[in-house]
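J.: Input: one structure, supplied below.
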Amino acid sequence: MTGAGTAKPVAATDAKGSAGKDEPVVAGAGRASGPQTVYVQRRSWSWLLLLLIMLALAGGGWWYVQQRLMAQEKQSALRLQEAESRAASLEAQIRQLQDAQQQLQSRGNALETRVAESSAQQEQLQALYDDVARVRGDARLAEVERALTLANQHLAVSGNVKGAILALEGAEKQLSDSEQSQAIGLRRVILQDIEKLKSLPEVDLTRSVARLDEVISRVDTLPFLSEPDAPAPAAETPAAGEAGADGATDAGTQDEPAADEGTWRHWYRMLLDSGSRAADAVHQEFNSLVQIRRIDDPDRLLLAPDQKRSIRESLRLQLLNARINLLNRNETLFRQDLDKSAETIGRFFDGQKPDVTSSLSILTELKSEPLQLKLPSLSDSMAALQAARAESEKRF
Numbered sequence: 001m002t003g004a005g006t007a008k009p010v011a012a013t014d015a016k017g018s019a020g021k022d023e024p025v026v027a028g029a030g031r032a033s034g035p036q037t038v039y040v041q042r043r044s045w046s047w048l049l050l051l052l053i054m055l056a057l058a059g060g061g062w063w064y065v066q067q068r069l070m071a072q073e074k075q076s077a078l079r080l081q082e083a084e085s086r087a088a089s090l091e092a093q094i095r096q097l098q099d100a101q102q103q104l105q106s107r108g109n110a111l112e113t114r115v116a117e118s119s120a121q122q123e124q125l126q127a128l129y130d131d132v133a134r135v136r137g138d139a140r141l142a143e144v145e146r147a148l149t150l151a152n153q154h155l156a157v158s159g160n161v162k163g164a165i166l167a168l169e170g171a172e173k174q175l176s177d178s179e180q181s182q183a184i185g186l187r188r189v190i191l192q193d194i195e196k197l198k199s200l201p202e203v204d205l206t207r208s209v210a211r212l213d214e215v216i217s218r219v220d221t222l223p224f225l226s227e228p229d230a231p232a233p234a235a236e237t238p239a240a241g242e243a244g245a246d247g248a249t250d251a252g253t254q255d256e257p258a259a260d261e262g263t264w265r266h267w268y269r270m271l272l273d274s275g276s277r278a279a280d281a282v283h284q285e286f287n288s289l290v291q292i293r294r295i296d297d298p299d300r301l302l303l304a305p306d307q308k309r310s311i312r313e314s315l316r317l318q319l320l321n322a323r324i325n326l327l328n329r330n331e332t333l334f335r336q337d338l339d340k341s342a343e344t345i346g347r348f349f350d351g352q353k354p355d356v357t358s359s360l361s362i363l364t365e366l367k368s369e370p371l372q373l374k375l376p377s378l379s380d381s382m383a384a385l386q387a388a389r390a391e392s393e394k395r396f
């Protein structure tokens, strides 16, 4: 309403001015159309102004959007460059890792080649431990592992307690000058295993083998039951001349007793001495020809020479098998071989002879000796070694 009131005088003034300049205007017509024309004109200018404002806003928005898009494109380009640089660095790192992997693979191939070319087990172990020490950079733990493996082999294969103790002492010496915590703990466990092994009773395998070899050496000389005893050396009987000389000497030295007792006593004593010597000689000869024994199996007295050789060879093989089982610490088979050997000796050989009785005593003594001991396990030392190695790998 305010706008309409103020517009009326302006429209009248304009109408008057235009009428005065151009042509005369009828008074009634001017009053009727003047306000509507002014309103329409102002309305068109308002729409035009509004359109211009909208166009300006649209242009400003378009310009703003374009600026934002350009900024985003620049950021995207920068990010793309950064991503490309990162990708390039990652590719370089991947190539480095691939080179390192190839180096490690070449080292592994070299290690496998060295192990394959080694002929002796000890050389294989030594080469393996040397390579592991170079790869891991910890030769001390590798030496300790080698010593523990050697100690385990001594206990598991041959039951050699002394060898296992020496190997463990070598491992303990490797760790004696180390001040690292894992090395100190590993050394403590190894010392405990050494004390366990030293507390075991000692089995003198060398002495047992020597005693068994003594019996084996007698196989060829053991006397059979069918063999007669060797004749004892006969007492030398004086010849007739010597007897006469002795008689003359005795007579000469005993002239005075002979004169008192008479000649017949002297000759009677000489006769008794001669008879006693003759009886002893006959008895010895009889013993060398005839022996009286109780034998339950008479066939053992009727052995041919070939049978005797076969029995001796069979006995020797039984004793050699017992020796092998003794070295292998196979207590069951060792006792079985000793039983067979003792049975053969007791059946075919003369049990009254010293060599036979001594051999049987040795076999009985060997049978009573234990060959196997309940050996402790070195699993604690191996576990401590693995823990020390894991801690060392974490540290490096």
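Under the numbering used here, the first residue of the sequence shown is numbered 1, with each subsequent residue one higher.
Virtual Cβ for every residue (Gly too), placed ideally from N, Cα, C.
Label Arg79 either buried or exposed according to how many other C-beta atoms from any shown protein chain fall within 10 Å of its C-beta, with 16 as the threshold for buried.
T.: Flag for Arg79 reads exposed.
J.: Is it buried or exposed for Gln318, if we count other Cβ within 10 angstroms and need 16 for buried?
T.: So Gln318 ends up on the buried side.
J.: Can you tell me whether Arg187 is buried or exposed, with buried defined as 16 or more other CB within 10 angstroms of its CB?
T.: Buried, since its Cβ has 16 or more Cβ neighbours within 10 Å.
J.: Measuring alpha carbon to alpha carbon, tell me which of Lys340, Asp380 and Phe348 ends up nearest Lys367.
T.: Residue Lys340 is the option with its Cα nearest to Lys367.
J.: Under the rule that 16 or more other beta-carbon atoms within 10 Å means buried, what is Arg95, buried or exposed?
T.: By the neighbour-count rule (16 or more Cβ atoms within 10 Å), Arg95 is not buried but exposed.
J.: Going by DSSP, what residue range makes up the alpha helix (DSSP H) through Glu169?
T.: Element bounds for Glu169: Val161 to Leu175.
J.: What are the start and end residues of each continuous alpha helix (DSSP H) run of 4 or more residues lying completely inside the region 349-384, in chain order?
T.: Listed in chain order, they are 354-368.
J.: Say the cut is 7 Å; is the CB of Gln372 nearer than that to a heavy atom of the ligand PLP?
T.: For the ligand PLP, the structure offers nothing, since it holds no ligand at all.
J.: Taking its Cβ as the centre, do 16 or more other Cβ atoms sit within 10 Å of Ala110, making it buried, or is it exposed?
T.: Label assigned to Ala110: exposed.
J.: Compare the C-alpha of Val215 against each of Val356, Leu150 and Gln102 and name the closest.
T.: Closest option to Val215, Cα to Cα, is Val356.
J.: For Met382, collect the residues of the same chain with a Cβ closer than 7 Å to its Cβ; drop the 5 residues on either side in sequence, then sort them by chain order.
T.: The answer, listed in chain order, is Leu148.
J.: Since Leu150 and Ala388 are thought to touch, with beta carbons under 8 Å apart, how far apart are those beta carbons, to the nearest angstrom?
T.: Their Cβ separation, rounded to whole angstroms, is 18 Å, which puts Leu150 and Ala388 out of contact at 8 Å.
J.: Along the chain, where does the alpha helix (DSSP H) that runs through Pro305 open and close?
T.: Pro305 -> alpha helix (DSSP H) spans Pro305 to Leu327.
J.: Going by other Cβ atoms of all chains shown within 10 Å of its Cβ, with 16 needed for buried, is Glu172 buried or exposed?
T.: Glu172 should be labelled buried.
J.: What residue range is occupied by the uninterrupted alpha helix (DSSP H) comprising Ala142?
T.: Element bounds for Ala142: Ala139 to Gln153.
J.: So, under 8 Å CB-CB, Pro376 and Leu197 are touching, yes? Tell me the CB distance rounded to an integer number of Å.
T.: Contact holds; Cβ gap of about 7 Å.
J.: Per DSSP, Phe224 forms a beta bridge with which residues?
T.: Phe349.
J.: Would you tell me roughly how many angstroms separate the C-alpha atoms of Ser199 and Glu343, rounded to the nearest one?
T.: So the two alpha carbons sit approximately 37 Å from each other.
J.: Just to check my reading of the structure: Ile345 and Leu315 have Cβ atoms closer than 8 Å, yes? What is that Cβ distance to the nearest angstrom?
T.: That belief holds up - the Cβ atoms of Ile345 and Leu315 are roughly 7 Å apart, short of 8 Å.
J.: According to DSSP, is Val189 part of a helix, a strand, or is it coil?
T.: Helix, per DSSP.
J.: Can you name, in chain order, every residue of its own chain whose Cβ lies under 7 Å from the Cβ of Gly170, other than the five neighbours on each side?
T.: Ala147, listed in sequence order.
J.: Considering only their Cβ atoms, is the gap separating Arg323 from Val209 smaller than 8 Å?
T.: A contact, by the Cβ cut-off of 8 Å.
J.: Got a sec, what are the start and stop residues for the alpha helix (DSSP H) Leu200 sits in?
T.: Here Leu200 belongs to no alpha helix (DSSP H), and DSSP marks it neither H nor E.
J.: Where Gln102 and Thr332 are concerned, what is the direct C-alpha to C-alpha distance, given to the nearest angstrom?
T.: Distance between the alpha carbons of Gln102 and Thr332: 54 Å.
J.: Any C-beta of chain C sitting closer than 8 Å to the C-beta of Leu205?
T.: Reference to chain C is not applicable here, since this structure consists of a single protein chain.
J.: Would you kindly check if the distance between the Cβ of Phe349 and the Cβ of Leu225 is under 8 Å?
T.: Yes.
J.: Decide if Ser176 is buried, meaning its Cβ has at least 16 other Cβ atoms within 10 Å, or exposed.
T.: Label assigned to Ser176: exposed.
J.: Roughly how many whole angstroms lie between the Cα atoms of Leu272 and Glu365?
T.: Cα to Cα, the separation comes out at about 52 Å.
J.: What is the rounded straight-line gap between the Cα of Val203 and the Cα of Pro370?
T.: If you take the alpha carbons of Val203 and Pro370, they lie about 8 Å apart.
J.: Taking the straight line between their C-alpha atoms, what separation do you get for Gln121 and Gln153?
T.: Rounded to whole angstroms, Gln121 to Gln153 spans 12 Å at the Cα level.
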